[in-house]
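Peer 1: Position in the sequence shown (first residue = 1) + 480 = the numbering used here.
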Amino acid sequence: AYSSIQGDGWSTWATVTFAPPTFFSLLGVRAELGRVLTTLDSTAGAPRTAVISHDLWVSRFGADTGVIGKMISVDYSPYQIVGVLSRRAAYPSAFPSDAALWSAKAPTENGRNSAQALQAIAGLRPSTPVATASAEVTTITQADQHSQTDGRRREVLRVASLRTRLGDSMVLQLVLTGVLGVFVALVAFVNFATLTLA
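(1) From Thr588, Met551, Gly489, pick the residue whose C-alpha is nearest to that of glycine 525; which is it?
(2) In whole angstroms, what separates the C-alpha of serine 539 from that of serine 491?
(3) Using CA coordinates, which residue listed in Val531, Pro558, Ile485 is at the minimum distance from alanine 494?
(4) At 3 residues or longer, and completely inside the segment 522-575: list those beta strand (DSSP E) runs for me, N to C.
(5) Could you name the residues of the same chain whose beta carbon sits closer than 8 angstroms to that of valine 564, not counting the 5 residues immediately before and after it, in chain order?
(6) Pick helix, strand or coil for leucine 513, following the three-state DSSP scheme.
(7) With serine 583 as the anchor, note down where its beta strand (DSSP E) starts and where it stops.
(8) To the nearest angstrom, how far is it from the Cα of phenylalanine 498 to the Cα of arginine 528?
(9) Specify, as a first and last residue, the run of the beta strand (DSSP E) that serine 483 falls within.
(10) What's the call for valine 562, buried or exposed, on a 16-neighbour Cβ count within 10 Å?
(11) Under DSSP, the alpha helix (DSSP H) around serine 607 begins and ends at which residues?
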């Protein structure tokens with residue numbers, strides 16, 4: 481959701497993602513500071529907690545390492561910061577990589593007119609190919625479109641491989657790492673050759 485975020489003496493509008501606490505562990509994403517969301521963050525009666533992006537941490541908190549435990553507001557509901565995500569965190573391309581804040585609980589009063597999208601990650605049975613799952617999702621979507629009465633709803637459901645979605649960004653990182661490794665090796669070789677000739 482595109483929400484209002486308020487801090488001590490500042491406010492901004494940014495993308496906020498509400499996700500189950502298992503989201504980060506499923507993707508293997510860790511916090512640079514503090515922690516990511518856990519099951520305790522989604523339990524009834526637990527305070528609202530938030531994990532903020534690296535960019536928000538730098539732009540609004542000046543990269544203050546004491547940010548953990550500070551309070552901010554999302555759509556006028558209080559949240560306690562429990563973690564800061566790494567700048568290098570990788571998500572599937574279908575998920576908002578520009579999200580400024582992640583939480584397991586939505587605000588008390590969420591913006592009625594804000595643009596929102598629901599996206600999910602699920603595991604297929606080992607014997608189920610992606611094509612079969614995609615066909616089943618298409619059937620479900622068509623049945624829902626025929627039965628709905630709200631003309632404002634626009635469901636677009638697709639099945640895509642998480643490995644493929646993560647693969648593009650990871651392949652680029654591996655290529656860049658490989659190029660950097662070759663460059664470092666060349667520099668070391670030239671230095672060794674220069675010392676040998678000297």
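For each residue, glycine too, the CB sits at the ideal point set by N, CA and C.
Peer 2: Per the coordinate set shown:
(1) Thr588
(2) 12 angstroms
(3) Ile485
(4) 529-532, 551-554, 557-565
(5) Ala511, Glu512, Leu513, Gly514, Val531, Ile532, Ser533, His534, Trp537, Val547, Ile548
(6) strand
(7) 581-583
(8) 11 angstroms
(9) 482-487
(10) buried
(11) Unbroken run through serine 607: none, as it is neither H nor E.
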